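Here the structure is laid out as structure tokens; the discussion comes afterwards.
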């Protein structure tokens, strides 16, 4: 119960900060919309490339990527907040006050999730407003959201592990850059079969590829690699939860 | 060396040394554009199979983007450094000396231009290493560097103007997303005539960054294209002149003695 009380307090504070600070709220809403516009609007001709077969169309194809990207970066941006809390001294006071410190990580994770839910609601509304087509009954869309949700948690745990180890805002690029690379070394613009050379080899090994392909399968109402995608996402979340908890121990040890 | 020349040299040297001493300011303009080039040239290679695509090498097509992206970083670096000079009082102390304001601007921009030449050399070397051969030949490479210098001058002056107007590094940094939007809503990833969505094509047509990219791109994949070069150099020169006038005007207010 004490863990949950700590988590609730940390989550409430973080959500309140995000909702009342335009410089934190607006970029997290605008950037996914911007990428959606730039990719789905600017590159839609790519669907005419020989071998590109995705029934719902290029807007839906890019929507899946942008949903995952918003989930992952929602987690990373919350990591920035953790680093800011350490830099400002708040996190140290929190470590002193919290009886069950794992609740701190749990609270940040809950706030990252709430933040992403707001973003994905806006993103989905815009996508349907511009005529995105979804295959089947649309129920499969929630499969995509489920995958994105796990990725959001995984990214938050990664970022919080870094933030708790380095405890400075200068850790931002360390949190962001690997995530950016892993996301973009997946089949972002075209299906995996149309990639060739080194990027294909990297994309095949990249766990995000499984998640992306399953998400696109959900939207086309022809689920593919669902088991592998959920397994990859859960494995990332579990791996990074150990990383985050060890980070918490290091922060405690640093005093 | 004349007194004015010496002032410009000393300030340009300070600008370069200060940039070099901050690894993030050197690495980011070199690394980020190259990462974006790697990601896009790998992921969008299939685009070269579209009818009407101007080249069979997407790396050659995309190599123009780092030159413009690097200039965006020049805006940030020039602006942030100048804003720091204002915030720390360096500019106020400088205004007590007989130094001319224009020397400060020229020195600051001299540093930015030097960095742009280094960046351009790195981008071009990477392109050559992966097999890109500029269609305009050796003279084209010289034109490419001339253009990179002009663009860096224009964007650097824009950053200096923002710094002089606001006096805040954070305000200058907040320009970056705006410039990033200009980059992504241009023809950076696909030729304008192949953009399918009408409103996006209209934005790309109206976006000056499209013409800056296409100027570099023409030298790499087409050869000597008078229209692309005229538009690119014309727009870059206009940006540079307007930004320099605005920056000089703002500097006069900042250095009021």
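Residue numbers (my numbering), protein chains in the order written: chain C, 2 to 256; chain E, 443 to 699. The C-beta atom is built at its ideal place from N, Cα and C for all residues, glycine as well. Everything numeric in this text was worked out from a predicted model, so none of it was measured.
- Taken in chain order, the complete alpha helix (DSSP H) segments of 4 residues or longer contained in the region 514-570 of chain E are 532-536.
- For residue 491 of chain E, the nearest CB of chain C lies under 8 Å from its own CB, placing it at the interface with that chain.
- When rounded, the separation of the alpha-carbon atoms in residue 135 of chain C and residue 158 of chain C is 31 Å.
- In the three-state DSSP reduction, residue 232 of chain C falls in the helix class (H, G or I).
- Distance from the CA atom of residue 478 of chain E to the CA atom of residue 244 of chain C, rounded to whole angstroms, is 28 Å.
- At a cut-off of 8 Å between C-beta atoms, residue 636 of chain E counts as an interface residue with respect to chain C.
- With its beta carbon at least 8 Å from every one in chain E, residue 144 of chain C lies outside the interface.
- For residue 174 of chain C, the uninterrupted alpha helix (DSSP H) run begins and ends at 173-185, by DSSP.
- Restricting attention to E/586, E/448, E/469, the CA atom closest to the CA of residue 552 of chain E is found in E/448.
- Residues of chain E whose Cβ lies closer than 7 Å to the Cβ of residue 39 of chain C are, in chain order, 626, 627.
- DSSP assignment within the region 584-661 of chain E yields the following whole alpha helix (DSSP H) runs of 4 residues or more, N-terminal first: 611-615, 617-626, 640-648, 650-659.
- According to the DSSP assignment, residue 3 of chain C belongs to the alpha helix (DSSP H) that extends over 3-21.
- Between the C-alpha atoms of residue 211 of chain C and residue 187 of chain C there is a straight-line separation of about 9 Å.
- Assigned with DSSP and collapsed to three states, residue 253 of chain C falls in helix.
- With respect to the 8 Å criterion, residue 11 of chain C and residue 108 of chain C are classified as neighbours on the basis of their beta carbons.
- Under the Cβ criterion of 8 Å, residue 642 of chain E is counted among the residues facing chain C.
- Under the three-state reduction of DSSP output, residue 512 of chain E falls in the helix class.
- Within chain C, the residues whose beta carbon sits less than 7 Å from that of residue 631 of chain E are 43, 44, listed in sequence order.
- With respect to the C-alpha of residue 619 of chain E, the residue from C/18, C/179, C/35 having the closest C-alpha is C/35.
- Put simply, the CB of residue 51 of chain C is near chain E, with a gap under 8 Å to one of its CB atoms.
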